Amino acid sequence: MELIGREEEKQTIIELYESNESSFLAIYGRRRVGKTFLVRKTLSDKITFSYSGKANINKRTQLNSFRLTLIENGLHDCPILKDWFEAFFYLKKIIQESIVQKKVIFLDEVAWMDNQKSDFISALEGFWNEWASKRNDILLIICASATSWIIDNVFHNRGGLHNRITHRLRINPFNLSECEEYSKVANLAYSRYQILQLYMAIGGVAWYWSLLKKGYSVIQNLILLFFSEDAPLKGEYKELYSSLFRKPEKYIDIIKALSIKISGLDKQELSAECKISNNSKLTHMLEELEECGFIRKYIPFGKKHNSMRYQLTDCLSLFHLTFLSKTRGDLSPEMLLASNSYVVWCGLAYERVVLNHIHQVKKALGINGIYTQAYTWRSNPSEDNKAQIDLLIDRADSVINLVEVKWSVDGKKYVITKEVEENLLNKKDTFVSQTKTRKSVFITMITLSGIERNSHSDCVTASLTLDDLFN
């Protein structure tokens, strides 16, 4: 399989490889998003030494595994390693014997090398600070799926690694366009509508897409992934958080709480809902979830920084919590995926997909170069007129796009009836009245195939379609 997308990330790695200085690159992101694949495809045979940490083994066994890799790389007289300081000492020997211009050291899944009472971090510090950084021919790449580990031990390190990372790369899931490219390369032969259906359930995680079976419909593949006897993603939701966080229970509690309220929750609400003290620990947990790409934070329209809210954006978590976990056990998978509850879920999921593609929305609106902020908005519950807005794009050019996202089962053009028109205008009037904004407010529709032009559609200033999200 060829490398899909990742052009900027690939360019960063190539530039570091061609640099006349030594570099220390940290690559992180949720598991199975394609971190290792990116490095190996970009550098291929240019890697001088590579080792991947092994899960659930003790320090002694891990060091022995590292020693065997040193032997495979030509260090045949490598003795039994007592600690990680010795391990890096012998790694230096391999590097010194290499005649290539740039020596690439790739340490994958480094969190698994840092066992309890391990000296791995201290040894890594010494290797980089006292030796590698003083040369001009080293590219040291560390990679980890356990984002909490890399944030705590590398980015926020208060010891010898403090501010020593020269570059960092967060690898995000594919967007819709990249999933379409993957679909073509894998010969899945899916339309954009079908790609969207899959994306709403599994997001853009490369490994999930690799599980799709060629010649299967979307429904067949969803049954294969989640409902079959050996369904590969049946337990993925829990395994995902366990792989990223050493104590995942509270993180899962936060995700569950955020799945209930579409507009998100603030720290105080999360603290009460999850029974976590509203302190720096909660702030740190939210930062980790954001770095993993599971949530986003935003300041509600017209509010101050201390009103920050957090929204769940991860597709797989949303699919599990808002659909799979609520399904009836007496219904077959085929019936579940044809049920009204699935259709309702699709509407909610499409809103989140739009939110995850805000850059594509901006480009379609012709405001790519204008500073914007994205919000959801709810009217004051004490007011008579109630309104909930899926998405607000607050622009620096004195315009606000009031975005309404609509899903349809048949994929046909959306028809704006008199009732829909009145609802849209009420939302606009309520928003202007309660926020006292002086900006122009443009009603913007995002549907699958556009809107049917009629006597009630003139209230819509801009109409975007699914194709715009693939731009």
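So in the numbering used here, the last one in the sequence shown is 486, and the numbering has no gaps at all.
Glycine is no exception: its CB is placed at the ideal position from the N, C-alpha and C atoms.
Keep in mind it's a predicted model, so treat the numbers as computed, not measured.
For residue i, does the three-state DSSP call read helix, strand or coil?
i	result
Y390	strand
L176	coil
Q326	strand
A477	strand
R45	coil
F39	strand
H320	helix
N372	Position check: residue 372 holds His in this sequence, whereas Asn was assumed. Coil.
D281	strand
I186	coil
Y313	strand
I385	coil
M350	helix
Going by CA-CA distance only, name the one from the options that's closest to residue i.
i	options	result
I408	I382, E140, L440, Y429	I382
A364	W422, P94, G384	W422
E30	D482, Q131, K117, I415	K117
R150	Q111, E124, H177, F170	Q111
Q403	R393, G20, R410, R324	R393
Y325	L333, I310, K262	I310
T298	F316, K276, K319, I269	I269
V430	R410, Q388, T450, D473	D473
H372	D281, F189, R173, Y223	F189
S225	F52, L406, R410	F52
E254	D329, R46, S464	R46
I208	N202, A201, A161, C194	First, the amino acid is wrong: residue 208 is Tyr here, not Ile. For Y208, the nearest C-alpha among the options comes from C194.
A216	L417, S80, L333	L333
Short check: CB of residue i to CB of residue j, under 7 Å?
i	j	result
F39	I120	no
A477	T452	no
I153	A147	yes
S278	L327	no
E140	L106	no
S67	E124	yes
F446	L191	no
I42	L184	yes
V48	V220	yes
G218	L331	yes
K442	S464	no
If I follow the unbroken beta strand (DSSP E) through residue i, where does it start and stop?
i	result
L154	153–159
Check for me: the alpha helix (DSSP H) holding residue i runs from which residue to which?
i	result
D134	Taken as a continuous stretch (DSSP letters only), D134 belongs to no alpha helix (DSSP H), as it is neither H nor E.
H171	Per DSSP, H171 belongs to no alpha helix (DSSP H) and is neither H nor E.
L304	295–306
S198	191–200
K118	Not the alpha helix (DSSP H): K118 falls in the beta strand (DSSP E), residues 118–123.
S257	251–259
Quiz item: Whole beta strand (DSSP E) runs in the region 388–471 with 3 or more residues, listed along the chain?
Solution: For the region 388–471, whole beta strand (DSSP E) runs of length 3 or above, ordered along the chain, are 403–410, 414–420, 455–461.
- Task: Could you tell me which uninterrupted beta strand (DSSP E) segments, each at least 3 residues in length, are contained entirely in the region 55–114, listed from first to last along the chain?
- Result: Considered as a whole, the region 55–114 harbours 62–67 as its complete beta strand (DSSP E) runs of no fewer than 3 residues, in chain order.
Alpha helix (DSSP H) runs wholly inside the region 196–232, at least 4 long, in chain order = Qualifying alpha helix (DSSP H) stretches, in chain order: 207–217, 221–225.
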